[in-house]
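Below you'll find the structure, written out as structure tokens, and then a few comments.
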Amino acid sequence: MLFNYTIDGFENIQHQDYFALQQINYKLMSLYRSFGYHQISTPTFETYDLYVNEDSIPSDDLFKLVNHQGKVLVLKPDATLPVTRMAAMNHPNSQDVIKFSYETNIYRNFSSPEIIKKEITQIGIEYFGNNSPECDGEVIALAIRSLLENGIKDVHIDLGHVGFINFLFDDLAFSDKEKATLFKYIENKNIGDIADYLEKLALPDDKKAIILKLPLLYGEPKTVLKQMEALCINDKMRQVVEKISEIYAHLEVINLAEYVSFDLGFTNQMNYYSDINFKGYINSCAEPVISGGRYNHLSEKFGIPRPACGFAIDLLKVIDYMEQHQLLPQDDQKIHVLFYEKSQKSAAYKMAEQLRSNGSIVEVFLMNNTKEIHVASFQENALYKNAALYFLTDDKLLSENNGKFLEIKAIGSESEVA
Amino acid sequence: MVIRFALAKGRVAKKAIELLIDLGYVFEDYSEKSRKLIFTDTTGTIEFFLVKSPDVPTYVEKGAADIGIVGKDVLLEHPAQVYEMLNLNIGKCKMCVAGFENHPIPYGKKMVVGTKYPVIAKDYFHTKNQLVDIIKINGSVELAPLIGLADCIVDIVESGNTLKENGLSVLAEICEISSRLIVNQVSLKTKREMIDPIIKAFENQL
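First to last, the protein sequences are chains A and B.
All residue numbers in the first sequence are consecutive under the working numbering, ending with 428.
All residue numbers in the second sequence are consecutive under the working numbering, ending with 222.
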């Protein structure tokens, strides 16, 4: 017999957290709306083919199932692909500017470690049809403000550009395996192993020196830009430097540059990023909570060539952080609990309905015990922490206060009957 | 702001602490026999604690420590999202397949492997397309082939003396192992002014 019904990687959301989640969700959607984003939603299932051809998520990480027609489906492992496809299907004019926001759960069947969440609640935006640095700037600005507006101060965005490494590697004939190995080492800033690995490759020393500097291209943007300029060996790399310096200049104009630093050591984990990519951190939170970037070639796969840029926030990670730092919106609305004696039923329900019409929360119960026992049982229940208890007996209305019962005229007025 | 080190208990920690002392940090309350868990230097800018080696990547990944020093064997066995910034070239040894010299690895036939490192062993034999049953053993791995629990073992080999004394020898080398300095991915960015000089100092000591 199976007694343990818990599945690794899936969790309930408690009522306090869910209240906070809804509040934060509303706040963020209002923020995105004020920038012209329309909220949309895509199905929970996608076709397996959509992801396996894209090569952006390992096939092992997908939750697969087969429908009654024998078609292989997956639980949506990412939001960007379906949203891009939706934009391509519904807006065939590739010149259209389309701004979408979404809130969705995504599912990844990570094999290890067991504690890692497999159901991830994401909130994000996708901005299609604009390839300007101002568009990148808007997306990054909204990523920063999404955290700031929730009271999180230690916000930090690491901005990179996959082109810088890719355009360098284009000029150095590496095999796919060599590229993958070097990417892995650069991503981990594993300078020692890069040096050992490069020694085995036939490559001019000056080029090796450039590769060894790639993992160290991070930190204060102006310094990094200077270091990048010195490493450019072709025009495409120079264009990358120009592009991200323009984005940085835009962020300076809108006064958000202080939150941004550079890291050119990001390689292309999601294969569709073609250009800038960024991660958002909260300083004392060990893992990134935001991930985003530009994917100019993804929409082509759905028949409509169209540049795009966006990001997603891992909402539950942010909520965990906010909870630790007492930043969560609290549900402090009072609950009115009204007990009635059988004879007072109609009066009690009428009273409750009247209070509800004024926006109060009211619950009604039949008194089947002494007042003291009812009070004791509700005091033990965490869900009724904010509850005020009332008793409607013999045409008298009593309000409970620290174990005492005072007669009042009406709920809400709370004034004692003289 | 304090920079926290997580060090793997054992010889490597001793060397790492020596390195820190050589860099000019003074740990007044530290002695090998001390039962304290956390040691802070006199300027209050660095503290370190000693943990079991497989826990080091976990502490660093989760941000409970900013920097960790741990063997490559542990990083291969327990992969973590950390920056692996320096090869310290201390605690050098090799990850090897060992067994009886007159019984080489029977490629094409299933064999039983005893090891403390099931992930590394599985990866290695899978790339070789070798059929294996892996048995996780927590210590005295050399015992396994002697008493017939396993055909061979996967373990780290430093001098090879333990193997020799038990009549075993290295059948294949998997990779080189040495201690690495790992850094939390967020700390590297947010505490850069403090972490950079420490990494530089370690680099110069090499």
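Idealized CB from N, CA, C, for every residue including glycine.
Everything numeric in this text was worked out from a predicted model, so none of it was measured.
Excluding the five sequence neighbours on either side, which residues of its own chain have a C-beta within less than 6 Å of the C-beta of residue i, listed in chain order?
{"i": "Y331(A)", "result": "I292 and C295"}
{"i": "L407(A)", "result": "I418"}
{"i": "G413(A)", "result": "none"}
{"i": "P1(A)", "result": "The requested residue 1(A) does not occur in the structure, where chain A is confined to residues 11 to 428."}
{"i": "K327(A)", "result": "V299"}
{"i": "K218(A)", "result": "L208"}
{"i": "Y258(A)", "result": "P231"}
{"i": "K147(B)", "result": "The sequence shown places Leu at residue 147(B), rather than the Lys named in the question. Cβ within range, chain order: K126."}
List, in order along the chain, the chain A residues whose C-beta lies closer than 7 Å to that of residue i?
{"i": "R51(B)", "result": "What R51(B) touches in chain A: nothing, since even the nearest Cβ is about 28 Å away."}
My assumption, with CB atoms under 8 Å, is that residue i sits in contact with residue j. Please give the rounded CB distance.
{"i": "G19(A)", "j": "K128(A)", "result": "3 Å"}
{"i": "I215(B)", "j": "L91(B)", "result": "That pair is no contact at about 17 Å."}
{"i": "G290(A)", "j": "A153(A)", "result": "5 Å"}
{"i": "L130(A)", "j": "N115(A)", "result": "At residue 130(A) the sequence reads Ile, which differs from the Leu that was named. Indeed they touch by this definition, with Cβ atoms about 7 Å apart."}
{"i": "V234(A)", "j": "C242(A)", "result": "Going by Cβ atoms, the distance from V234(A) to C242(A) rounds to 13 Å, so no, they are not a contact pair."}
{"i": "Q343(A)", "j": "I371(A)", "result": "6 Å"}
{"i": "G229(A)", "j": "S271(A)", "result": "6 Å"}
{"i": "N140(A)", "j": "V107(A)", "result": "6 Å"}
{"i": "I286(A)", "j": "Q132(A)", "result": "Contact doesn't hold; Cβ gap of about 20 Å is too wide."}
{"i": "Y284(A)", "j": "R304(A)", "result": "One detail in the question is off: residue 284(A) reads as Ser in this sequence, not Tyr. Confirmed, about 6 Å."}
{"i": "F110(A)", "j": "Y47(A)", "result": "6 Å"}
{"i": "G277(A)", "j": "I175(A)", "result": "The sequence given here has Thr at residue 277(A), not Gly. About 6 Å separates the two Cβ atoms, so the contact holds."}
{"i": "E189(B)", "j": "C109(B)", "result": "E189(B) to C109(B), Cβ: 11 Å. No contact."}
Give me the chain A residues within the contact set of residue i, using Cβ-Cβ distance strictly less than 8 Å, ordered along the chain.
{"i": "R20(B)", "result": "Under the 8 Å cutoff, chain A gives no residues; its nearest Cβ is about 12 Å from R20(B)."}
List, in order along the chain, the chain B residues whose C-beta lies closer than 8 Å to that of residue i?
{"i": "S356(A)", "result": "Within 8 Å Cβ-Cβ: nothing; S356(A) doesn't reach chain B, min ~58 Å."}
{"i": "Y291(A)", "result": "V202, K205 and T206"}
{"i": "D168(A)", "result": "K205"}
Count the other CB atoms within 10 Å of the CB of residue i; is the residue buried (16 or more) or exposed (fewer)?
{"i": "R196(B)", "result": "buried"}
{"i": "H171(A)", "result": "buried"}
{"i": "Y15(A)", "result": "exposed"}
{"i": "A190(A)", "result": "exposed"}
{"i": "R27(B)", "result": "exposed"}
{"i": "G164(B)", "result": "exposed"}
{"i": "H346(A)", "result": "buried"}
{"i": "S425(A)", "result": "For S425(A), the predicted model reports a pLDDT of 45, less than 50, meaning its position is unreliable; a value from the coordinates is still stated below. The residue is exposed, with fewer than 16 neighbouring Cβ atoms inside 10 Å."}
{"i": "A183(A)", "result": "exposed"}
{"i": "E56(A)", "result": "buried"}
{"i": "K126(B)", "result": "exposed"}
{"i": "K173(A)", "result": "Residue identity check: residue 173(A) is Gly in the sequence provided, not Lys. G173(A) comes out buried."}
{"i": "R118(A)", "result": "buried"}
{"i": "K355(A)", "result": "exposed"}
Give every residue of the same chain whose Cβ lies closer than 7 Å to the Cβ of residue i, excluding the five residues on either side of it in the sequence, and list them in chain order.
{"i": "I201(A)", "result": "L222 and P225"}
{"i": "V427(A)", "result": "Here the model assigns V427(A) a pLDDT of 43, short of 50, so the residue's position is not dependable, and the following value carries that caveat. Contacts found: E417, I418 and K419."}
{"i": "K199(A)", "result": "P225 and G275"}
{"i": "G79(B)", "result": "N200, V202 and S203"}
{"i": "P73(B)", "result": "G84, V86, V90, L91, H94, A96, V98 and I198"}
{"i": "G320(A)", "result": "T90, G134, I135, E136, Y137, V149 and G302"}
{"i": "D164(A)", "result": "I292, N293 and S294"}
{"i": "K88(B)", "result": "I193, S194 and R196"}
{"i": "I106(B)", "result": "V28, K31, S194 and S195"}
Under 8 Å Cβ to Cβ from residue i, same chain only, skipping five residues before and after it: list those, please.
{"i": "K207(B)", "result": "M17, I19 and D82"}
{"i": "K30(B)", "result": "E48"}
{"i": "F179(A)", "result": "K189 and L192"}
{"i": "G115(B)", "result": "I121, P161, D167, C168, I169, L184, S185 and L187"}
{"i": "F120(A)", "result": "G19, D71, I126 and K128"}
{"i": "V76(A)", "result": "V82 and L83"}
{"i": "I151(B)", "result": "V128, V129, G130, T131, A160, L165 and A166"}
{"i": "D301(B)", "result": "Outside the shown range of chain B, which is 17 to 222, sits residue 301(B), and nothing can be said about it."}
Identify the contact partners of residue i in chain A, using a Cβ-Cβ distance below 9 Å as the criterion.
{"i": "G107(B)", "result": "Per Cβ cutoff of 9 Å: no residues; G107(B) is ~14 Å from chain A at best."}
{"i": "E77(B)", "result": "A296 and E297"}
{"i": "M101(B)", "result": "N198, K199, N200, I201, G202 and P225"}
Applying a beta-carbon distance threshold of less than 9 Å, which residues of chain B neighbour residue i?
{"i": "Y228(A)", "result": "L204, K205 and R208"}
{"i": "D324(A)", "result": "Simply none; closest approach about 14 Å."}
If we define contact as Cβ-Cβ less than 8 Å, is residue i a contact residue for chain D?
{"i": "S271(A)", "result": "The displayed structure is made up of protein chains A and B, and chain D is not among them."}
Is it a yes or a no for the stretch 97-110 of chain A touching the stretch 67-87 of chain A, going by three-plus beta-carbon pairs under 8 Å?
no
Is the stretch 61-71 of chain A close to the stretch 352-369 of chain A, with three or more CB pairs under 8 Å?
no
At a cut of 8 Å, does the stretch 95-109 of chain B reach the stretch 58-71 of chain B through at least three beta carbon pairs?
no
Counting beta carbon pairs with one atom in the stretch 257-272 of chain A and one in the stretch 204-215 of chain A, are three or more of them shorter than 8 Å?
no
Inspect the CB distances between the stretch 33-46 of chain B and the stretch 391-406 of chain A and report whether three or more fall short of 8 Å.
no
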